[in-house]
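Numbering-wise, the sequence shown is residues -20 to -1, 1 to 216 according to mature numbering (1 follows the signal peptide of the UniProt record, and there is no 0).
Just below is one structure, and these are the notes that go with it.
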Amino acid sequence: MIYPLLLALALAQVGPECTCDHALLGNKVCNPECDSPECDWDGKDCENSHCFCDESILGDGVCNWECVHVACGWDGGDCCENWMLYDGYCDSACYVEKFNYDNGDCAYALGQCKCPNSEIGNHKCNFHCSDHPECRNEMGDCCFKFEIGDGHCEEYCYTVNSDWDGGDCFVNPPVNCPCWELGILGDGVCNPECDNELCVHDFGDCCQPQMLGNGVCDESCNTQPLNFDGLDCVTH
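Following this line, the structure appears as structure tokens:
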């Protein structure tokens, strides 16, 4: 079992002054009553809520990778390199306003889509929207049937309308999840019974916009298309 091991490791780091329920330590949930240095910040579960860097070095033009952290404002973008701004990936080092949140690569984490809603899922292909996850890959408007299940992952087919590219984009499809068989994962409707690890948290359907990038790892948002809760669930 993984959790008893995590609990043992967490307990090894706490002092005798930690009075909260030790069963809560290191359970991957930030419990405010355990969020203290004596409890090793809830067995490190609450670390993302604190910045341990001196404020004077944040955004000073010098890269400090230990400060590339949500609570430290990603070191004010000091570690962002030009090549990161055009690589198509959400780089946390560039996840600041002055770099337009990684030149738009982190737009989905902010719930942004530059394409009109009327163009999404209208059965007309708009290539300028099709490969953007923040636009739900245009709900598969640019996906051809022969590309579904062809063994190659096409991002523009990674939609519920295209059967998630026939499983081509999954290393391990959630075939043991009852919701997978029902075809209700990622359909835009929150199904609480699917909001669990086995069902990949309903592909983010139960995630609320205010949860993204709030400094707390919300498992409902901890999916790749949602950029792992706006990077809240990414450990640096």
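Even glycine gets a Cβ: it sits at the ideal position worked out from N, Cα and C.
Can you tell me which of the three DSSP states residue 12 falls into?
-> helix
Pair within 9 Å by beta-carbon distance, residue 78 and residue 57 = yes
When DSSP labels each residue in this structure, what does residue 104 get in the three-state scheme?
-> coil
Counting along the chain, where does the alpha helix (DSSP H) carrying residue 158 start and finish?
-> 158 to 162
So which of 51, 21 and 63 has the shortest CA-CA distance to residue 34?
-> Cα-wise, what sits closest to residue 34 is 51.
Out of curiosity, what's the CA-to-CA distance linking residue 83 and residue 106?
-> 21 Å
Quick one: using the 10 Å Cβ neighbour count with 16 as the cut-off for buried, is residue 158 buried or exposed?
-> Exposed is the call here.
How long is the line joining the alpha carbons of residue 44 and residue 146, rounded to whole angstroms?
-> 42 Å
Return the CA-CA distance between residue 178 and residue 63, expressed in angstroms with no decimal places.
-> Here the alpha carbon of residue 178 sits roughly 36 Å from the alpha carbon of residue 63.
Specify, as a first and last residue, the run of the alpha helix (DSSP H) that residue 81 falls within.
-> 80 to 83
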